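Take 100 as the starting number for the sequence shown in this note's numbering and just add one per residue. We put the beta carbon where it would ideally sit given N, CA and C, even for glycine. Here the structure is a predicted model, which is why all the values come from computation and not from measurement.
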Amino acid sequence: MTGDRKVVVVTGASAGIGRAVALAFAARGDRVALLARSVDALDAVATEVELAGGEALALGVDVADAGAVEAAAARIEAHWGGIDIWVNNAMATIFAPVHRITADEFRRVTEVTYLGTVHGTMAALARMRPRRRGVIVQVGSALAYRAIPLQSAYCGAKHAVRGFTDALRVELMHDDAGIHLTMVQLSAFNTPQFDWARSRMPRRAQPVPPIFQPELAARAVVWATQVRRREICVGGPAVKAIWGNKLVPGFADRLLRKQGYDGQMTDRDEEPQRADNLFAPVPGLHRTHGRFDTTARAGSLQLSWTMWRARIAQRLGWSAPPDAEPQTVSAKASAGPEQSARRDSGNDTGPGDAMQRHMQKMSRMRRNTLWTQFAIIGLGAWLLSSPWQFGLFDPAAALGARDITAERGLWAPALRNALLGWSDIVCGVLLMLFGALALRERRQWAQWGSAVVGLWLLFAPLLFWTTSAAAYSNELAVGALAIAFSILIPMMPGMSHEGMMDEGVVPPGWDYSPSSWLQRLPLVVLGLVGFLIARYQAGFQMGHFNQIWEPFFTGADGRNGTAYIITSDVSRAWPIADAGLGASSYLIETLMACMGTAKRWRTMPWMVTFFFILVVPLSGVSIGFIMIQPVMLGTYCTLCLVAAFAMLLMIPLTLDEVWAMAQYMKRSLRAGRPFLKTFLHGGPDVGDGPDPGPDFSAPPVRQVAAGLRGTTLPWTLLACCALGIWLMFTPLLLGTQGAIADSDHLSGATILTLAVCATAEVARWLRWGNVVAGAWLLLAPWVLGDAEAAWVWNDLVAGTAVILLSLPRGRMSGDRYGRA
């Protein structure tokens, strides 16, 4: 194909694949003649064609009438000149066993499906032969090779089309006519055919899964006009059916005997008096998609592989080059204009319409965020130059880390920096590669490649123990931005389009969305607090500076409490800087808190689950480290206390979203949805609604209240928190020593942790854990022994108070937390 506008004729253009094909050619700017019986439907398609960038000529024609087809071809030629491409797509069918089909019905299916193709081909040849150029595309089917039960009339007609096409192809080759004739063999597609075809089956008809979207067939038809291929199969099922029938036809017969009937029917009963389009059009059903949008696939690995092999063969000179590079059907052609026209005409009623509107919206969103991929390419270029900017290949720059190298038994500093430098070079190349690949819509998997590279960058400086503070900061910044630009700002690949189409935000039975931005903002702030503290401590551990701030506590060997603790044997038990590990984890937490929309409790169940897994263990490690500090090391770390408290506050703020996600997964399983698919891709829900809560335009007080919704702090839990803090510091306040001091500290930390977690209303039951902790305090003085009277009375009073305070549930907000 050249850049000039082609004259294209499409039969059966009012709906389904024919409509998608017309819009695909229109997206290239071609002149498209639309042939079908329903003039009203063709007028709507003509509007869509013009909106997509093409020119349209709508002609009401029954392809079973050879004279009408010839007259239409003559009118097209008079209007636009010579016809360049003719696509024979019109078809009719009936679902019924042979003994229940009448002779008139057999004749009608044959006249439309087979003779309609013959009539269109003859009209095209009459105009292409004198010019010695042109392309004719027969839209076929795998059923042209492998017939199936209940579609005998249609299968017979498609077999006839294939026989006619094969014979004509040889004639054109013999005459050196200069006309390319090809046939596109389709799998099962999501078209209105199954809503308006005549049927005598007991249940509603469906295509044999897997099902594909019509735009995929349109893409194949357009490509078929650009390459010189005898046939093109679309979808793996077509290939399997064709080759299966060639190799093991008897086995295919037996398989169809078992599966060929139920596989073509849904569970819903057929409507006995439903109108059909066998002899006359059915008004109101002319659209591109059928009713199977939720299960239909937009792409095919088989077709992509076929097109890729053809491109490689062309570049190697093994096959004739196409007239032009294959073009992808744009979203504007495949969905947008059709939906715009239908909305304007008031006919936007079908299930496919909403999906097409959604896909148009997604395509616009993707175009608007393509800048992120260029940003990733820029980050890759920056990273490529980083080793020289930060002196990673300069041995002199590594001399400042000799103490850390000796203490930890690490490789030579120059070698470690060089390894990080080569890592940066490789990662820079990969980011540029993945960013470039992700510019194409069909290669959105490359976004995950950029995200994986970003994750590696967060940990690489720790693994190589870089001596450069600048390089460490650079890795963290580039890694975080790579993740943000790949899957945070643009749409995350793999999410359920059906789930995104569902506008509901608030889970069923809830009064608010636990995934709203105001709900997640406190998590982002707390995650950043943890990151900044851990990043500062990691710099000290890696030898980037020699002093670290500590206002209150002292340690051994002349060091302050923080310096002593984060360089202790407990810390050195980790093979990398444990504070750096915490910094990277906090940063990932912060990024995950920013991902998704207010619907992510059902659109991203895996994200919510892993966010919870990351928050709880990380908080547990921080709290556990606080618990063991005075027991094993004899002092405290102020920065560690602040970071642990920030992480502790994240737990109750996370639990309501996890609870909503768990309820959604339970409902999905009850509805029969596959667990793994729902968990990884999300989906819609029944009964969810809009979020009536405030947004960032509300007064600050209301914003804060909305952010803390789902948690309450009754005085009983507040008192437990105070008692927990008191017990943690009894060695300092009461001078407790020995086992009783360790017991008080551990019990206090446990009580504080459980009380804070129980502020989440969905987890208020956690307060019962403090009853156990209180009981231990009552027993500890006698079990551990060697306790002074004041220490004994302290444990008895505190234990009794904790038990009494944990019995009542405390004040609740009155918010509802849904149903499973």
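- Beta-bridge partners assigned by DSSP to Thr110: Leu134.
- Note on the segment 126-192: whole alpha helix (DSSP H) runs with a minimum of 4 residues are 138-150, 165-179, in chain order.
- In the assembly as shown, Glu314 is a buried residue. Its beta-carbon has 16 or more other beta-carbons within 10 Å.
- Three or more beta-carbon pairs separated by less than 8 Å link the segment 333-345 to the segment 241-261, which places the two stretches in contact.
- For Glu270, the enclosing alpha helix (DSSP H) covers residues 251-274.
- The DSSP-derived three-state label of Leu895 is helix.
- By the Cβ criterion, the segment 114-128 is in contact with the segment 183-194, since at least three pairs of Cβ atoms, one from each stretch, lie closer than 8 Å.
- Residue environment analysis places Phe711 among the buried positions, since at least 16 neighbouring C-beta atoms fall within 10 angstroms of its C-beta.
- Two segments are said to touch when three or more pairs of C-beta atoms, one from each, lie closer than 8 Å; by this definition the segment 125-142 does not touch the segment 246-261.
- Between Pro291 and Asp368 the beta-carbon gap is near 19 Å, outside 8 Å, which marks them as no contact.
- In this structure, Gly233 and Ala241 do not form a Cβ contact; the two beta carbons are roughly 26 Å apart against a cut-off of 8 Å.
- Per the Cβ contact rule, the segment 255-272 is not in contact with the segment 352-367 (fewer than 3 Cβ pairs under 8 Å).
- Between the segment 472-491 and the segment 560-569 there are three or more inter-stretch CB-CB distances shorter than 8 Å, so the stretches are counted as touching.
- One alpha carbon belongs to Asn893, the other to Ile665, and they sit about 32 Å apart.
- When DSSP states are grouped into helix, strand and coil, Ser298 belongs to the strand group.
- Within the same chain, and ignoring the five residues on either side of Arg515 in sequence, the residues whose Cβ sits closer than 8 Å to its Cβ are Ala497, Leu509, Phe563, Trp564, Thr565, Thr566.
- In its chain, beyond the 5 residues on either side, Thr212, Gly239, Ser240, Leu242, Ala243 have a beta carbon closer than 7 Å to the beta carbon of Lys257.
- Burial is judged here by how many other beta carbons sit within 10 angstroms of a residue's own beta carbon; Val131 has at least 16 and is buried.
- In the DSSP assignment, Val234 falls within the unbroken beta strand (DSSP E) covering 233-240.
- By the Cβ-count criterion, Met591 is buried, with 16 or more other Cβ atoms from all chains shown falling within 10 Å of its own Cβ.
- Using a Cβ distance threshold of 9 Å, Ala672 and Tyr663 do not count as a contacting pair.
- Going by beta carbons, Asp755 and Thr810 fall inside the 9 Å limit.
- In the DSSP annotation of this structure, the continuous segment of the alpha helix (DSSP H) that includes Met691 starts and ends at 677-693.
- Gly806 places its beta carbon less than 9 Å from that of Leu617.
- Taking 9 Å as the cut-off, the Cβ atoms of Asp784 and Arg701 count as close.
- Under a 10 Å Cβ-count criterion, Lys698 is classified as buried, with 16 or more other Cβ atoms of the shown protein chains found around its own Cβ.
- By the neighbour-count criterion, in which a residue is buried when 16 or more other Cβ atoms sit within 10 angstroms of its Cβ, Ala157 is buried.
- Annotation for Cys332: the continuous beta strand (DSSP E) segment containing it runs 330-333.
- The Cβ atoms of Asp841 and Pro729 sit closer than 9 Å to each other.
- When secondary structure is reduced to three states using DSSP, Trp564 falls in the coil class, being assigned neither helix nor strand.
- In the three-state scheme derived from DSSP, where H, G and I count as helix and E and B as strand, Asn645 is classed as coil.
- Contact between the segment 627-647 and the segment 671-686 is present, with at least three C-beta pairs closer than 8 Å.
- Non-local C-beta neighbours of Leu557 in its own chain, meaning closer than 8 Å and more than five positions away in sequence, comprise Glu574, Leu575, Gly578, Ala579, Ser683, Leu686, Ile687, ordered along the chain.
- In this structure, DSSP gives Asn659 an extended state, which the three-state scheme calls strand.
- In this structure, DSSP gives Met406 a helical state, which the three-state scheme calls helix.
- Leaving aside the five residues that flank Val855 on each side, the residues in its chain whose CB is nearer than 6 Å to its CB run, in chain order, Leu747.
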